[in-house]
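Participant:
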Amino acid sequence: MSIANKANRLTPYVFMAPAAIILTVALLYPICYMIYASFLDWSPSQRIGEADFVGLRNYANLLQDAAFRESFWVTIKFAAVVVTLEMIIGVGLALLLDRNIKGMSTLRTIFILPMMIAPIVVGLMWRYMYHPTVGIFNRTLKSWGFEGIPWLSDSNWSFVAVVMADVWQWTPFIFILSLAAMQSLPRSALEAAEIDGATEMQKIFFIKLPLMLPVLIVTLMLRLIDAFKVLEVIMVLTNGGPGLSTEIVALRIFRTAQEFQELGEAAAMSNTLLMVLMALTIGMFMYNKMQENRAVRMKAAASKGAV
Amino acid sequence: MSVQKETQNPMFYMLMVVLVVMSLGPIVLMLATSFKTNVDVYDSSVSAFFFAPTMANYETVLCDVLWYEPSHVEYCDPTFGRALGNSIYVALVSTGLTLLMGCMAAYALVRFRFMGRGTVSMTTLMMRMVPPAVLLVPVFGIWTFQYGLDGTFTGIILVYTAMNLPFVIWILQSFIVQVPMQLEEAARMDGANPIQIFFLVVLPIIKPGLAAAAIFTFRIAWNEFLLGNALLDRNTRTVPVTIVNSITEYDINWGVIMATGMLLAIPPILFTFVASKQIITGMTAGAVKG
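In order, the protein sequence lines correspond to chains A and B. Going by our numbering, 76 is the number at position 81 of the first sequence; the sequence numbering is gapless. To get our numbering, take the position in the second sequence, counting from 1, and add 63.
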């Protein structure tokens, strides 16, 4: 009996152990290591012990590095633009199509496809479509008698080009999540509004959107975090160019490590990116907690009122 | 609103058709181009979708694994055939490992509650936000100099497993919570030990959750480029890495590269059509139950 008891007490640890070990060895340790490495002057041919400790020099270099500041700005701009566009289009479409239409599940299935395909492949197909001579966009424009657009070779157009590819790939994510949220809204509120004679617009702005707000904010945060991670699509499309016009921070980290072999500096950049994302995640978590607390308080108030 | 359900405005169907065309268009274009000769690609008089299709591009890509020797291939480059094998192996093994460890951990977290659920979802969320680009430098350094795993399958499978575990644990938790406790207690009465209860009682019930988690894990391991590029060598490279290496600045053979891309895209596309319901469940569970 006592052996069985002991086994039972050990069970949770046995079940946790494999995942805990893997996560420690291959995720936590590398992240701590990176924080340490960001204080080193380190090239890939060196072991980490041989690298010189340089304190905050990598960070100081980053601050002075106009190229890094530029790519930081590009990242913010890219994330803000794509998330805004995707939220507007995604939620808008969900509001429009939130009704009993045949073939909705087929549409949703087709909508998932762009998210499931490898980012590398998404980059490839958009690069083909943007191609100055063989691409479908410029061919169509030319057949209509317009000039071709220098999609990937002009620094303004290239930003538009990467934004379009990202919107194509990720708007469905927001559409599907907000549609799911909309369909789980309490029917009673909508029916009450209908009885009171609310118009379609009033229902959207005064009932649907406010009730969906918590889910919408979580969706927005998830998408924002992901927008900072985008790398492969942009790498295949423009590799950050022309100039630095599309070089987001993730891509800059990759190039700093791969092409310029400055591991310490790449680690410092990674750290900066990580801190931004950490702030976003904590913000999202706090918001969730606040919502939960509010729901609990409302429930308590409601039950008190009933008594 | 319930009255007008049967007769919807045709505008909505128009809108849906437009949406389907927009989201499928690029994929169909890629598929079409993969059956096109390079001459036709560069010839502007040939339509994007209507032309004489050819299997030549696929034959070029797969020449190493085909049972016959394609007549038009002068030199057979074995890179892609090998990469395809590598990709399948890495993705399958890491998916299997992630699922096994993930569901065990999720079960322990839900049933034995030795850590608050708040803490767990906080940590998984934190881990989920770490971009692969941030892992690039440390993983490269550690795998090369400390673990000695650079260029090996073990090394890359270890990274992918670790990257996917937080998300899998998170998703599976929400499924395990719904397993009725009484079932497990009944099994315990019948003398089953915790391991048996887990594998014979709990796992069969959460199959839909496992399917969703498996697809998400497979997708990441199958599509990942960055870490694979940093860790793998010539013989162990996966498909995304070989694709990027074969893109040159000028004179791209679009037909061949689209065929390669199509081959990489086929497994996720198949999964989507087979299990779209599970994927949507997984996606909404991951976001809404944050």
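Where a beta carbon is used, it is the ideal one built from N, C-alpha and C, also for glycine.
Distance check for isoleucine 219 of chain B and tyrosine 210 of chain B, CA to CA, integer angstroms please.
Facilitator: Whole-angstrom Cα-Cα distance: 12 Å.
Participant: Alpha carbon to alpha carbon, how far is proline 141 of chain B from glutamate 122 of chain B? Give it in angstroms, no decimals.
Facilitator: C-alpha separation (whole angstroms): 12 Å.
Participant: Closer than 8 Å by beta-carbon distance: list the chain A residues that pair up with methionine 93 of chain B, in chain order.
Facilitator: Near methionine 93 of chain B (Cβ distances below 8 Å), the residues of chain A are Val116, Leu119, Met120 and Tyr123.
Participant: Go ahead and pull the three-state DSSP assignment for aspartate 140 of chain B.
Facilitator: Correct three-state label for aspartate 140 of chain B: coil.
Participant: Going by beta-carbon coordinates alone, are leucine 232 of chain A and valine 157 of chain A separated by less than 9 Å?
Facilitator: Against a cut-off of 9 Å, the Cβ pair of valine 157 of chain A and leucine 232 of chain A comes out as a contact.
Participant: Does the segment 198 to 216 of chain B come within contact of the segment 253 to 272 of chain A, defined as at least 3 CB pairs closer than 8 Å?
Facilitator: Short answer: they touch.
Participant: Go to tryptophan 68 of chain A, then tell me how far its alpha helix (DSSP H) extends in each direction, as first and last residue.
Facilitator: Run containing tryptophan 68 of chain A: 61 to 92, per the alpha helix (DSSP H) assignment.
Participant: Counting only Cβ-Cβ distances shorter than 9 Å, please list the residues of the segment 269 to 300 of chain B near chain A, keeping chain order.
Facilitator: Per Cβ criterion, the list reads Ile278, Arg282, Trp285, Asn286, Glu287, Phe288, Leu289, Asn292 and Ala293.
Participant: Residues in the segment 93 to 115 of chain B with C-beta within 7 Å of chain A's C-beta atoms, listed in sequence order?
Facilitator: Listed by position along the chain: Met93, Thr96, Val104, Tyr105, Ser107 and Ala111.
Participant: Could you round the C-beta distance between arginine 218 of chain A and glutamate 81 of chain A to whole angstroms and report it? I think they count as a contact, below 8 Å.
Facilitator: Rounded, the Cβ-Cβ distance is 6 Å, consistent with contact.
Participant: Got a sec: is the Cβ-Cβ distance from isoleucine 107 of chain A to anything in chain B below 9 Å?
Facilitator: Yes, isoleucine 107 of chain A counts as interfacial toward chain B.
Participant: Quick check: what's the CA-CA separation for phenylalanine 170 of chain A versus methionine 192 of chain B?
Facilitator: Each residue's Cα considered, the two are about 21 Å apart.
Participant: Between the Cα of isoleucine 199 of chain A and those of A:Leu185, A:Ile212 and A:Arg250, spot the shortest distance and give me the residue it belongs to.
Facilitator: Closest option to isoleucine 199 of chain A, Cα to Cα, is A:Leu185.
Participant: Could you work out which residue in A:Leu22, A:Phe73 and A:Thr6 is closest to serine 240 of chain A when comparing CA atoms only?
Facilitator: Cα-wise, what sits closest to serine 240 of chain A is A:Phe73.
Participant: For valine 129 of chain A and chain B, any beta-carbon pair shorter than 9 Å?
Facilitator: It does; some Cβ of chain B falls within 9 Å.
Participant: Using only the alpha-carbon positions, how far apart do alanine 21 of chain A and valine 83 of chain B sit?
Facilitator: Their backbone Cα atoms lie some 40 Å apart in a straight line.
Participant: Residues of the segment 206 to 230 of chain A in Cβ contact with chain B at a cutoff of 7 Å, in chain order, please.
Facilitator: Taking 7 Å as the Cβ-Cβ cut-off against chain B, the residues of the segment 206 to 230 of chain A that qualify are Val210, Val213, Thr214, Leu217, Ile220, Phe223, Lys224, Leu226 and Glu227.
Participant: Of all Cβ atoms in chain A, is any one closer than 9 Å to the Cβ of isoleucine 342 of chain B?
Facilitator: So yes, isoleucine 342 of chain B belongs to the interface.
Participant: For valine 291 of chain A, decide whether its Cβ has a neighbour in chain B, counting only Cβ atoms nearer than 9 Å.
Facilitator: Not one chain B Cβ lies under 9 Å of valine 291 of chain A.
Participant: Measuring straight from C-alpha to C-alpha, what distance separates alanine 290 of chain A and methionine 244 of chain B?
Facilitator: Their Cα atoms are separated by approximately 27 Å.
Participant: What residues from the segment 140 to 167 of chain A come within 8 Å of chain B, judged by C-beta to C-beta, listed N to C?
Facilitator: Residues passing the 8 Å Cβ filter: Trp163 and Pro167.
Participant: Count the C-beta pairs between the segment 161 to 175 of chain B and the segment 246 to 258 of chain A that are closer than 8 Å, then say yes if the count reaches three, no if not.
Facilitator: Contact fails: fewer than three Cβ-Cβ distances are below 8 Å.
Participant: What did DSSP end up calling phenylalanine 230 of chain B once you bin it into helix, strand or coil?
Facilitator: If DSSP states are grouped into helix, strand and coil, phenylalanine 230 of chain B belongs with the helices.
Participant: Identify which residue in B:Ser97, B:Lys270 and B:Val81 has its Cα closest to the Cα of valine 242 of chain B.
Facilitator: It is B:Lys270.
Participant: Thinking C-alpha only, which one of A:Met230, A:Gln253 and A:Glu242 is nearest leucine 294 of chain B?
Facilitator: For the residues A:Met230, A:Gln253 and A:Glu242, the minimum Cα distance to leucine 294 of chain B belongs to A:Gln253.
Participant: Secondary structure at aspartate 36 of chain A, three-state DSSP: helix, strand or coil?
Facilitator: Strand.
Participant: If we count the other Cβ atoms within 10 Å of its Cβ and call it buried at 16 or more, is glutamine 164 of chain A buried or exposed?
Facilitator: It counts as buried.
Participant: Indicate whether glutamine 236 of chain B and isoleucine 278 of chain B have their beta-carbon atoms separated by less than 9 Å.
Facilitator: Taking 9 Å as the Cβ cut-off, glutamine 236 of chain B and isoleucine 278 of chain B do not qualify as a contacting pair.
Participant: Output the distance between the C-alpha atoms of asparagine 234 of chain A and asparagine 298 of chain B, rounded to the nearest integer angstrom.
Facilitator: Each residue's Cα considered, the two are about 26 Å apart.
Participant: Return no unless some Cβ of chain B is closer than 9 Å to the Cβ of tyrosine 24 of chain A.
Facilitator: It does: the Cβ of tyrosine 24 of chain A has a partner Cβ on chain B nearer than 9 Å.
Participant: Serine 237 of chain B versus chain A: which residues are under 7 Å apart at the beta carbon?
Facilitator: Residues of chain A passing the Cβ test: none, with the nearest at roughly 14 Å.
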